[in-house]
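One structure is given below, encoded as structure tokens.
Residue numbers (the UniProt record's numbering): 1 to 550.
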């Protein structure tokens, strides 16, 4: 079962028909949210455990049919905290899979906030990690006095009540987007599992049209973990029983997703991002620039590592599960290719790394000073250091030059941290850029000789272009598509522009697919980036591509 499947909310179990289990199974419901508590009874403040519809047997009946049961309870922000906690504990002890606290108009009175925080703090210790949620108004911007930050602090999940069928100020998609945007603007970080409304009072009380089955199903399908409020009681009208709750769920992710990757898992990612208000574009399964921008925006909001790639941290933050299969590239069938740390190499092995990377002995020590920071990796840029070779013990090196993979290229590029402006080894100065230094460092880690020195003269991009053009040097001139294909197989590939009237430019071709005749690259230069397109670094200039033959 997905971590957060679609679900449906139940208020009064005795009023939804005795065949509710069969109906829920037929509609493929995977989770129910069952009312188990209220802070009042008979309209008087009196914290009450709803034992008439929450017992071990009732929960087992749901669970035996493949449904998780989350309890929910309405709380009023009152100071009888210990009584509330005791009653909720009775419900939890029946075997609930999670608990959702419902706080609404009463807690807009700021004097209730200390009691709310005490309640959340005490409930937090009773509810299993990852299963404690809160539900309240759909758009936090319209209810600024609700203690949103306190809720976000103690809870794992947010269930905003996005009952768009009762809202008429904008088009539905705009209203839904406003809700997600409001959560982000407030700095709320917890996973959002929206509740869509379908209930009789929309027409009987508000004289509005019920949301259609098609509209509700669309929002269910495109929002992982979303749910419907609520199962209709007796003769009430609602579309709840007409929906399928097995719709879209995030699959278990078995590889890292990044720009250039394609597949159904990318399509699921795009749906999940779009559902949360991060515009990933059309859910077409093609991880392009728009999807990367959306990933970065989500990572920023979720306060996790911002790198534009989707691995375990980002996928679980979206509500999915991640299982590393050890080979994250669908084009890479060479999963046994390994990297080793430079510091783990023996003397002879370490010497072999230097083949093809000459350094004039008259200039003294061939090695640069060690990095000044390990996480992130940063080196100084004082005079003479860039021209020397790196020697950090944790530097990744291709273990066997006859056994290469695309992931080796990615890891080496990531290690060198080229896009970090505080990494002075590659950061441009007012008068100089360092594309040749970065490319040489990458190729040395990949064990693909590319000389920086000829005699006592350093080689810039123009000189490197000329050297690469000589077949005897073990590099082959290829097309743009051939360079991309070779890189996807772990073969070192470069793109170079020879400037006949000035300084040229050179960059590393990445293994991910770019656009036609426009591969993905990493570069230092007038702008430094680890994952862009050739046109981002070279514009429309006529460039040459080379792949290593060794």
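Note that CB positions come from ideal geometry on N, CA and C, so glycine has one too.
Note that the structure is predicted; figures quoted are calculated from it, not measured.
Which residues DSSP lists as bridging residue i, in chain order
{"i": "residue 158", "result": "134 and 192"}
{"i": "residue 197", "result": "229"}
{"i": "residue 120", "result": "None, per the DSSP bridge assignment."}
{"i": "residue 458", "result": "453"}
{"i": "residue 380", "result": "None; residue 380 has no bridge partner."}
{"i": "residue 551", "result": "Nothing in the structure corresponds to residue 551, since the chain is present only between 1 and 550."}
{"i": "residue 518", "result": "515"}
{"i": "residue 477", "result": "546"}
{"i": "residue 533", "result": "520"}
{"i": "residue 374", "result": "377"}
{"i": "residue 389", "result": "367"}
{"i": "residue 178", "result": "None; residue 178 has no bridge partner."}
{"i": "residue 340", "result": "397"}
{"i": "residue 7", "result": "31 and 227"}
Straight-line gap, residue i to residue j (C-alpha atoms, nearest Å)
{"i": "residue 277", "j": "residue 180", "result": "6 Å"}
{"i": "residue 420", "j": "residue 307", "result": "12 Å"}
{"i": "residue 258", "j": "residue 7", "result": "31 Å"}
{"i": "residue 540", "j": "residue 534", "result": "9 Å"}
{"i": "residue 98", "j": "residue 158", "result": "13 Å"}
{"i": "residue 303", "j": "residue 297", "result": "10 Å"}
{"i": "residue 522", "j": "residue 396", "result": "17 Å"}
{"i": "residue 353", "j": "residue 447", "result": "6 Å"}
{"i": "residue 160", "j": "residue 138", "result": "4 Å"}
{"i": "residue 336", "j": "residue 358", "result": "Per-residue confidence for residue 336 stands at a pLDDT of 46, beneath the threshold of 50, marking its modelled position as unreliable; the derived number appears in the next sentence. Cα-Cα distance, rounded: 30 Å."}
{"i": "residue 209", "j": "residue 94", "result": "39 Å"}
{"i": "residue 452", "j": "residue 473", "result": "14 Å"}
{"i": "residue 315", "j": "residue 283", "result": "17 Å"}
{"i": "residue 384", "j": "residue 496", "result": "24 Å"}
{"i": "residue 110", "j": "residue 234", "result": "38 Å"}
{"i": "residue 516", "j": "residue 479", "result": "11 Å"}
{"i": "residue 438", "j": "residue 445", "result": "11 Å"}
{"i": "residue 220", "j": "residue 148", "result": "25 Å"}
{"i": "residue 129", "j": "residue 441", "result": "44 Å"}
{"i": "residue 379", "j": "residue 349", "result": "25 Å"}
{"i": "residue 87", "j": "residue 55", "result": "13 Å"}
{"i": "residue 174", "j": "residue 547", "result": "49 Å"}
{"i": "residue 272", "j": "residue 229", "result": "21 Å"}
{"i": "residue 413", "j": "residue 121", "result": "44 Å"}
{"i": "residue 407", "j": "residue 140", "result": "42 Å"}
{"i": "residue 29", "j": "residue 323", "result": "25 Å"}
{"i": "residue 549", "j": "residue 469", "result": "13 Å"}
Of the residues the options, the one placed nearest residue i, counting alpha carbons only
{"i": "residue 77", "options": "136, 426 and 297", "result": "136"}
{"i": "residue 38", "options": "102, 94 and 491", "result": "102"}
{"i": "residue 321", "options": "255, 43, 105 and 86", "result": "255"}
{"i": "residue 507", "options": "470, 469, 465 and 261", "result": "465"}
{"i": "residue 436", "options": "9, 386 and 274", "result": "386"}
{"i": "residue 185", "options": "406, 265 and 301", "result": "301"}
{"i": "residue 418", "options": "152, 524 and 107", "result": "524"}
{"i": "residue 133", "options": "145, 106, 100 and 126", "result": "100"}
{"i": "residue 538", "options": "548, 527 and 546", "result": "527"}
{"i": "residue 402", "options": "51, 439, 489 and 155", "result": "489"}
{"i": "residue 31", "options": "46, 227 and 53", "result": "227"}
{"i": "residue 498", "options": "518, 463, 108 and 470", "result": "463"}
{"i": "residue 44", "options": "75, 350 and 15", "result": "75"}
{"i": "residue 263", "options": "246, 275 and 288", "result": "288"}
{"i": "residue 361", "options": "431, 212 and 454", "result": "454"}
{"i": "residue 450", "options": "431, 433 and 475", "result": "475"}
{"i": "residue 268", "options": "293, 232, 72 and 222", "result": "222"}
{"i": "residue 399", "options": "338, 294, 379 and 430", "result": "338"}
{"i": "residue 57", "options": "46, 236, 96 and 23", "result": "96"}
{"i": "residue 183", "options": "14, 144, 212 and 121", "result": "144"}
{"i": "residue 90", "options": "61, 106, 63 and 123", "result": "123"}
{"i": "residue 73", "options": "341, 11 and 106", "result": "11"}
{"i": "residue 543", "options": "519, 207, 47 and 119", "result": "519"}
Contact with chain C by residue i, beta-carbon distance below 9 Å
{"i": "residue 94", "result": "Here chain C cannot be found, since the structure has a single protein chain."}
Could you tell me whether the segment 499–515 touches the segment 474–486, using the rule of 3 or more Cβ pairs below 8 Å?
yes
Ranges of the beta strand (DSSP E) found wholly within the segment 10–95, counting only runs of at least 3:
31–41, 44–49 and 68–74
Give a yes or no on contact between the segment 190–198 and the segment 60–78, applying the rule of three or more CB pairs nearer than 8 Å.
no
Would you mind listing the alpha helix (DSSP H) stretches within the segment 252–306 that are 4+ residues and don't spill past its ends, in chain order?
264–275 and 289–302
Taking 8 Å as the cut-off, does the segment 201–210 touch the segment 163–173 (at least 3 CB pairs, one atom from each stretch)?
yes
The segment 413–429 / the segment 458–466 touching (three or more Cβ pairs under 8 Å):
no
Check whether the segment 72–88 and the segment 111–118 are in contact - that is, three or more C-beta pairs closer than 8 Å.
yes
Would you call the segment 355–375 in contact with the segment 384–392, where contact means no fewer than 3 C-beta pairs closer than 8 Å?
yes
Output the residue ranges of the alpha helix (DSSP H) runs that lie fully inside the segment 394–463 and measure 4 residues or longer, sorted by chain position.
406–416 and 435–445
At a cut of 8 Å, does the segment 238–250 reach the segment 213–225 through at least three beta carbon pairs?
yes
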